[in-house]
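Student: Encoded as structure tokens, here's the structure I'll be asking about.
Numbering (UniProt numbering), first residue to last: 1 to 316.
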């Protein structure tokens, strides 16, 4: 009987032990399965991320390829434009009638020559017999592109002309039409004597004309009150500028070169002076003898104010 009880007790203990082992194994299996599933999820997630990253990298690579393509097109376009501008400038230099060393300059129209600039009468009938030009000796397309010493020398001409015309009771206007800067036209400053009463009202006429010119909606301010022109307008912009004697005047950035008339200022002045339309609509070129006679008369008037006679040309 005792033996049976011992066997029964042993059987119960073994059964409980087996249950415990099974429970522990099951628990470990569940933990392992849970960890394995977590790992599977991580692998799947990682695969998704990798696939997403690969897709992102592919997209970035494609975008960079497109960007390089656009940059190459822009580079070629810019190079073509630079080449075109160079050809236009070269053509302008070869055919320039304003460069002092050019074979095409009208030397019989030159009144006096400075260091970097010269004074000449206009080759057409002009708005006045003393309608003249201040011109840089070397090629430049606008006042803004000039070196400081050239700009300063042009101011000396202005002061002399103002003094000369003031002596006979006249005022004067200085005009710059840098209308085709990109095409390399040679800069000239037109100098036009006008009666004092016309000079006094000229700012009103020019201000009104500038405010009414070109499109209503423009990218740039229509009327610029000149303080320092060379700092107020970008280097390669086309523009019109007018000064009233030695007083600062107005400037206008030309939005549309094709539609802005080259005779803009001439028409305004002709209207103020009550001149016939042919004075500004079409320039009548003068003969050699007419131009030389006009230049000789201008030389005689300019002689007392001719600062160029004081230049020491032996040291140059």
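All C-beta atoms, glycine included, are put in the ideal place defined by N, C-alpha and C.
(1) Quick one: grab the DSSP three-state call for residue 96.
(2) In chain order, which continuous runs of the alpha helix (DSSP H) of length 4 or greater are located wholly inside the UniProt domain "Cwf19-like protein C-terminal" (217-308)?
(3) Confirm, please, whether the CB-CB distance from residue 111 to residue 299 is below 7 Å.
(4) With a Cβ-Cβ cutoff of 7 Å, do residue 116 and residue 176 count as a contact?
(5) Can you tell me which of 167, 281, 280 and 203 puts its alpha carbon nearest to the alpha carbon of residue 305?
(6) Does the pairing of the region 140-149 with the region 195-205 give three or more beta-carbon distances under 8 Å?
(7) First and last residue of the alpha helix (DSSP H) that includes residue 201?
(8) Using CA atoms only, rank isn't needed, just tell me which of 277, 257, 197 and 259 is closest to residue 266.
(9) Using only CA atoms, which one of 268, 294 and 95 lies nearest to residue 209?
(10) Return yes when the Cβ of residue 109 is within less than 7 Å of the Cβ of residue 319, no when it is not.
(11) What's the C-alpha gap between residue 134 and residue 64?
(12) Which value, in whole angstroms, describes the spacing of the CA atoms of residue 98 and residue 66?
(13) Taking the alpha helix (DSSP H) that residue 134 falls in, what are its first and last residues?
(14) Does the distance between the C-beta of residue 126 and the nearest non-hydrogen atom of the ligand GDP fall short of 6 Å?
(15) Buried or exposed: where does residue 73 fall if 16 or more other Cβ atoms within 10 Å of its Cβ makes it buried?
(16) If you drop the 5 nearest sequence neighbours on each side, which residues of the same chain put their C-beta closer than 7 Å to that of residue 123?
(17) Give every residue of the same chain whose Cβ lies closer than 8 Å to the Cβ of residue 310, excluding the five residues on either side of it in the sequence, and list them in chain order.
Tutor: Let me lay it out:
(1) coil
(2) 229-232, 264-273, 278-281 and 288-302
(3) yes
(4) no
(5) 167
(6) Output reads no: the region 195-205 does not touch the region 140-149.
(7) 196-212
(8) For residue 266, the nearest C-alpha among the options comes from 277.
(9) 268
(10) What the structure shows of the chain is the stretch from 1 to 316, and residue 319 is not part of that stretch, so it cannot be assessed.
(11) 53 Å
(12) 48 Å
(13) First-last for residue 134: 132-136, but that is the beta strand (DSSP E), not the alpha helix (DSSP H).
(14) What this structure holds is no ligand at all, so the ligand GDP is not there to describe.
(15) exposed
(16) 106, 109, 285, 286 and 291
(17) In its chain, beyond the 5 residues on either side, no residue has a beta carbon closer than 8 Å to the beta carbon of residue 310.
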